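Student:
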Amino acid sequence: MAPPSLPKPSRDFVLLRRAEYCERQRASAPAAVSAATMARDKAPVNDGSGVLSFLADCCVPGLLALPCCIGQLVSSQTCNCMPLRPVASVMNRITTYSLQNPSCCCGVAAFAGKWVAYAHGMMFDGVADKRRPYLERAQLFGKTFTLCGKLVIAGPPALHQELVVGPQNRGPYLGVNNLVLKSLPLDAAGLAIMPLTLPSGDCPMNRGHHRAFRNAMAKYVTNEAALKRGVESDPVVRRALDGLLASGIAPGKCTAKQFTTAILHFLTRTIHYGLLGLDLGDEDCELFTTVYQTQALLLPNILYYSASGPSALCEPCCMPLSSSLFKPKRLERLREIYREALSVQGYRQDPSDPTAPSLSEFADQLVGLIFLAAVNGIKTALFGLLGAKLGLDGWGETDVPQGIPRDFALPLDDDEKLRLCVLESIRLAPPVFETMMTLPKPMVMRNFAGSGQDRLFPVGTPLALSYVNSSLDPRVWGESACRFEPYEHAELLWGDRAVLNGFNSVGEHGDRRCPGREFALQLMMLTLRTLASQPSWADAQQSDSQT
Numbered sequence: 236m237a238p239p240s241l242p243k244p245s246r247d248f249v250l251l252r253r254a255e256y257c258e259r260q261r262a263s264a265p266a267a268v269s270a271a272t273m274a275r276d277k278a279p280v281n282d283g284s285g286v287l288s289f290l291a292d293c294c295v296p297g298l299l300a301l302p303c304c305i306g307q308l309v310s311s312q313t314c315n316c317m318p319l320r321p322v323a324s325v326m327n328r329i330t331t332y333s334l335q336n337p338s339c340c341c342g343v344a345a346f347a348g349k350w351v352a353y354a355h356g357m358m359f360d361g362v363a364d365k366r367r368p369y370l371e372r373a374q375l376f377g378k379t380f381t382l383c384g385k386l387v388i389a390g391p392p393a394l395h396q397e398l399v400v401g402p403q404n405r406g407p408y409l410g411v412n413n414l415v416l417k418s419l420p421l422d423a424a425g426l427a428i429m430p431l432t433l434p435s436g437d438c439p440m441n442r443g444h445h446r447a448f449r450n451a452m453a454k455y456v457t458n459e460a461a462l463k464r465g466v467e468s469d470p471v472v473r474r475a476l477d478g479l480l481a482s483g484i485a486p487g488k489c490t491a492k493q494f495t496t497a498i499l500h501f502l503t504r505t506i507h508y509g510l511l512g513l514d515l516g517d518e519d520c521e522l523f524t525t526v527y528q529t530q531a532l533l534l535p536n537i538l539y540y541s542a543s544g545p546s547a548l549c550e551p552c553c554m555p556l557s558s559s560l561f562k563p564k565r566l567e568r569l570r571e572i573y574r575e576a577l578s579v580q581g582y583r584q585d586p587s588d589p590t591a592p593s594l595s596e597f598a599d600q601l602v603g604l605i606f607l608a609a610v611n612g613i614k615t616a617l618f619g620l621l622g623a624k625l626g627l628d629g630w631g632e633t634d635v636p637q638g639i640p641r642d643f644a645l646p647l648d649d650d651e652k653l654r655l656c657v658l659e660s661i662r663l664a665p666p667v668f669e670t671m672m673t674l675p676k677p678m679v680m681r682n683f684a685g686s687g688q689d690r691l692f693p694v695g696t697p698l699a700l701s702y703v704n705s706s707l708d709p710r711v712w713g714e715s716a717c718r719f720e721p722y723e724h725a726e727l728l729w730g731d732r733a734v735l736n737g738f739n740s741v742g743e744h745g746d747r748r749c750p751g752r753e754f755a756l757q758l759m760m761l762t763l764r765t766l767a768s769q770p771s772w773a774d775a776q777q778s779d780s781q782t
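Here the sequence shown is numbered in this note's numbering, starting from 236 and rising by one per residue.
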């Protein structure tokens, strides 16, 4: 389905350089928070965090409190000597202050506090079950809280859905930096940056580049030809499937590392063939090696795409990585491969749209997107589909299933039911836990973090919309929200009434709905059917049903 049309942007924006773009960003900076609001938000809350929470609220005392906060975090996560709520409360207080007062004259404490909050969310939580930080904080604080230096919206459903389908600003950290600063053009208009970071909808930053990218995707990449190529009967796909089967993936016979390697090899081959018509050959071919090794080096540079303040400090670290690890010649070779493939597909820049990417620009956009969203996204989803069935460590041992349960009988001969199983697995274990944006307008959060107080957050506040929480909300999914019941949830998973967030949308709705959704579902179903049709899987299923 083609994305909805947006008003055409003015041609002058295409010519803006980086300095002008940043100046426009500064011109729309948030207004100062009133003294009354600051005084109200500094009032201590009896949430168990005590004096540390109060000290963390402002300036120099906050700096003195940080070592104690760090000690709390480490001890609570390593030896369980402190309950979660006081620690999380401190993080809420630190992050809330820094978000509400982005221009504080003593911002060192606020920024340092945000770093601690960021590290806490990224490094200490969710090692075994990465949904845990979202679920625990929703239990403690309700539907609004902070995590990793961002304001998190976990509900209520109406607000969450409104924000998912509404305008999404992408800055100042999302949408400004390029994937590899020394290799990709520094065009601030957004022509050659990660398309996932482009703004959408009626918001100040949007000048139509996101819509133009999606139009190009729908016409040349995620089209009917891609769906026709990505089938079992195609000889290129068949060879990739044979390679996957030869890897020995079977219940109880592979580790998570072995599964990851085999799946990444398989997805690299099938996705490039399906979307771009590129036959990379077998795993020992030069073309496959070039694409596989180059896209793997994209990961250090994904640090740019964090909507929180700490990402600003990643730039000095990532630029040397871009120069040393991500060899410019290797990157240029990958871009050349993509340009040649798009030329074969007949790519033509739309002359009627001044924001439409050229062939070179579109190839640049696909470099990061195909690995981050397609290869890595589908790989993560397949862990949910197959983790418990394979008996991988940690899978199938949680109160809320992380995908398809081990003893669930797969409907391998029914495409409609199998698709529901894939969607239900994505609901319970979203491959993307959240979508990040920045507030396009000031917003008041009622009863923020269960404090009984309303909090005002300014324009530009980094915001995360939690798919983990929305996918398990009983107000949407009923009493069976935390159970794997694909057939009972059918209407909410697929069709006109669908509300699933797993593809960056509310069902069918939203400017950011994954343009490759149908291809991704087809590929996941093919993978699941191929692996689960092996005799060893049938034996394991029979054994599980008897126990």
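Glycine included, each C-beta is placed from N, C-alpha and C at the ideal position.
From a predicted model like this one, the values you see are computed outputs, not experimental measurements.
DSSP state of residue 739, grouped into three classes?
Tutor: To locate residue 739, count along the sequence shown from 1; it is residue 504. Coil at residue 739, not helix or strand.
Student: Pick from 389, 332 and 498: whose alpha carbon is nearest that of residue 706?
Tutor: By one-based count along the sequence shown, residue 706 stands at place 471. That would be 389, whose Cα lies nearest to the Cα of residue 706.
Student: For residue 670, collect the residues of the same chain with a Cβ closer than 6 Å to its Cβ; drop the 5 residues on either side in sequence, then sort them by chain order.
Tutor: As a working mapping, residue 670 is identified with position 435 in the sequence shown. Same-chain partners within the cutoff: 700 and 739.
Student: Are the Cβ atoms of residue 486 and residue 626 separated by less than 7 Å?
Tutor: Reading the sequence shown from its first residue, position 251 is the one you call residue 486. Reading the sequence shown from its first residue, position 391 is the one you call residue 626. Going by C-beta atoms, residue 486 is nearer than 7 Å to residue 626.
Student: Among 745, 470, 732 and 763, which residue has its Cα nearest to the Cα of residue 660?
Tutor: Residue mapping note: residue 660 aligns to position 425 of the sequence shown, counting from 1. Among 745, 470, 732 and 763, the Cα nearest to that of residue 660 belongs to 763.
Student: Candidates 642, 617 and 721: which alpha carbon is nearest residue 495's?
Tutor: For the purposes of this step, residue 495 is identified with residue 260 of the sequence shown, where counting begins at 1. Per the Cα distances, 617.
Student: With C-beta atoms as the reference, is residue 515 less than 7 Å away from residue 523?
Tutor: Locating residue 515 in the sequence shown gives position 280, counting from the first residue. Locating residue 523 in the sequence shown gives position 288, counting from the first residue. Contact flag set, yes.
Student: If the criterion is Cβ atoms closer than 7 Å, does the pair residue 600 and residue 591 meet it?
Tutor: Here residue 600 is taken as the residue at index 365 of the sequence shown, counted from 1. Here residue 591 is taken as the residue at index 356 of the sequence shown, counted from 1. No, the Cβ-Cβ distance between residue 600 and residue 591 is not below 7 Å.
Student: Tell me whether the beta-carbon of residue 692 lies closer than 7 Å to the beta-carbon of residue 678.
Tutor: One-based indexing of the sequence shown puts residue 692 at position 457. One-based indexing of the sequence shown puts residue 678 at position 443. Yes; because the gap between Cβ atoms is below 7 Å, this pair is in contact.
Student: Who are the near neighbours of residue 615 in its chain, counting only those whose CB is closer than 7 Å to its CB and skipping five residues on each side?
Tutor: Position 380 of the sequence shown holds residue 615. Answer for residue 615: 666, listed in chain order.
Student: Quick check on DSSP: helix, strand or coil for residue 701?
Tutor: The residue you call residue 701 lines up with position 466 of the sequence shown. Residue 701 falls in the strand class under three-state DSSP.
Student: Please name the residue in 717, 758, 674 and 688 whose C-alpha comes closest to that of residue 434.
Tutor: For the purposes of this step, residue 434 is taken as the residue at position 199 of the sequence shown. Out of 717, 758, 674 and 688, 674 has the C-alpha closest to the C-alpha of residue 434.
Student: Which of the three DSSP states is assigned to residue 452 in this structure?
Tutor: Taking the sequence shown and counting its residues from 1, one reaches residue 452 at position 217. Of the three classes helix, strand and coil, the one that applies to residue 452 here is helix, per DSSP.
Student: Would you mind giving the Cβ-Cβ distance between residue 484 and residue 475, rounded to the nearest angstrom? I have them listed as a contact below 8 Å.
Tutor: Residue numbering aside, residue 484 sits at position 249 when the sequence shown is read from its first letter. Residue numbering aside, residue 475 sits at position 240 when the sequence shown is read from its first letter. Going by Cβ atoms, the distance from residue 484 to residue 475 rounds to 13 Å, so no, they are not a contact pair.
Student: Roughly how many whole angstroms lie between the Cα atoms of residue 574 and residue 372?
Tutor: Taking the first residue of the sequence shown as position 1, residue 574 is located at position 339. Taking the first residue of the sequence shown as position 1, residue 372 is located at position 137. Going by the C-alpha atoms only, they are around 45 Å apart.
Student: Quick one: using the 10 Å Cβ neighbour count with 16 as the cut-off for buried, is residue 490 buried or exposed?
Tutor: Residue 490 sits at position 255 when you count from the first residue of the sequence shown. By the neighbour-count rule (16 or more Cβ atoms within 10 Å), residue 490 is not buried but exposed.
Student: Where does residue 467 land, buried or exposed, given buried means 16+ other C-beta within 10 angstroms?
Tutor: Within the sequence shown, numbered from 1, the residue matching residue 467 stands at position 232. Exposed: under 16 other Cβ atoms inside 10 Å.
Student: Using a Cβ-Cβ cut-off of 7 Å (strictly less than) and excluding sequence neighbours within five positions of residue 612, which residues of its own chain qualify?
Tutor: Taking the sequence shown and counting its residues from 1, the one referred to as residue 612 is at position 377. Hits under 7 Å: 666 and 667.
Student: Please tell me whether residue 653 and residue 639 are closer than 7 Å, where the distance is taken between their beta carbons.
Tutor: For the purposes of this step, residue 653 is taken as residue 418 along the sequence shown, with counting starting at 1. For the purposes of this step, residue 639 is taken as residue 404 along the sequence shown, with counting starting at 1. Taking 7 Å as the Cβ cut-off, residue 653 and residue 639 do not qualify as a contacting pair.
Student: Pick helix, strand or coil for residue 613, following the three-state DSSP scheme.
Tutor: As a first step, residue 613 must be located in the sequence shown, where it is residue number 378. DSSP places residue 613 in helix when its eight states are reduced to three.
Student: Just the C-alpha distance for residue 687 and residue 379, rounded to the nearest angstrom, thanks.
Tutor: Locating residue 687 in the sequence shown gives position 452, where the first residue counts as 1. Locating residue 379 in the sequence shown gives position 144, where the first residue counts as 1. Going from the Cα of residue 687 to the Cα of residue 379 covers about 12 Å.
Student: In angstroms, rounded to a whole number, what distance separates the CA positions of residue 742 and residue 604?
Tutor: Translated into the one-based positions of the sequence shown, residue 742 becomes position 507. Translated into the one-based positions of the sequence shown, residue 604 becomes position 369. Taking the straight line joining both Cα atoms gives about 21 Å.
Student: Using a Cβ-Cβ cut-off of 6 Å (strictly less than) and excluding sequence neighbours within five positions of residue 726, which residues of its own chain qualify?
Tutor: The sequence position of residue 726 within the sequence shown is 491, counting from 1. So the list reads 732, once near-sequence residues are dropped.
Student: Can you tell me whether residue 679 is helix, strand or coil according to DSSP?
Tutor: Mapped onto the sequence shown, residue 679 falls at position 444. Three-state DSSP puts residue 679 in a strand.
Student: Taking the alpha-carbon of residue 624 as reference, which of 648, 684, 773 and 748 has the nearest alpha-carbon?
Tutor: Position 389 of the sequence shown holds residue 624. When each option's Cα is compared against that of residue 624, the closest is 773.
Student: Name the two residues that bound the continuous beta strand (DSSP E) containing residue 466.
Tutor: Numbered from 1 along the sequence shown, position 231 holds the residue referred to as residue 466. Here residue 466 belongs to no beta strand (DSSP E), and DSSP marks it neither H nor E.
Student: Tell me, please, which residues DSSP counts as bridged to residue 403.
Tutor: Along the sequence shown, one-based indexing puts residue 403 at 168. Note: residue 403 sits in a beta bridge opposite 435.
Student: Residue 609 and residue 577: beta carbons closer than 7 Å?
Tutor: By 1-based counting over the sequence shown, the position of residue 609 is 374. By 1-based counting over the sequence shown, the position of residue 577 is 342. Not a contact, by the Cβ cut-off of 7 Å.
Student: Since residue 729 and residue 655 are thought to touch, with beta carbons under 8 Å apart, how far apart are those beta carbons, to the nearest angstrom?
Tutor: Counted from its first residue, the sequence shown places residue 729 at position 494. Counted from its first residue, the sequence shown places residue 655 at position 420. Contact flag correct, Cβ pair sits at about 7 Å.
Student: Excluding the 5 residues flanking residue 752 on each side, which residues of the same chain have their C-beta closer than 7 Å to its C-beta?
Tutor: The count along the sequence shown starts at 1 and reaches residue 752 at position 517. Within the same chain, residue 752 has close Cβ partners 738.
Student: Between which residues of its own chain and residue 765 is the CB-CB distance below 6 Å, once the five residues before and five after are set aside?
Tutor: Here residue 765 refers to the residue found at position 530 of the sequence shown. Only 476 meet the Cβ criterion.
Student: How many angstroms separate the CA atom of residue 471 from the CA atom of residue 581?
Tutor: Within the sequence shown, numbered from 1, the residue matching residue 471 stands at position 236. Within the sequence shown, numbered from 1, the residue matching residue 581 stands at position 346. Using only the alpha carbons, I get a separation of about 21 Å.
Student: With 16 as the cutoff for other CB atoms within 10 Å, does residue 473 come out buried or exposed?
Tutor: Locating residue 473 in the sequence shown gives position 238, where the first residue counts as 1. Exposed, because fewer than 16 other Cβ atoms sit within 10 Å of the Cβ of residue 473.
Student: Figure out for me which residue from 451, 716 and 323 has the closest Cα to the Cα of residue 593.
Tutor: Along the sequence shown, read from residue 1 onward, the residue named residue 593 stands at position 358. The shortest Cα separation from residue 593 among 451, 716 and 323 belongs to 451.
Student: First and last residue of the beta strand (DSSP E) that includes residue 385?
Tutor: Within the sequence shown, the letter at position 150 stands for residue 385. Residues 385-388.
Student: DSSP three-state call for residue 538: helix, strand or coil?
Tutor: Here the question's residue 538 lines up with position 303 in the sequence shown. For residue 538, the predicted model reports a pLDDT of 42, less than 50, meaning its position is unreliable and no value from the coordinates is stated.
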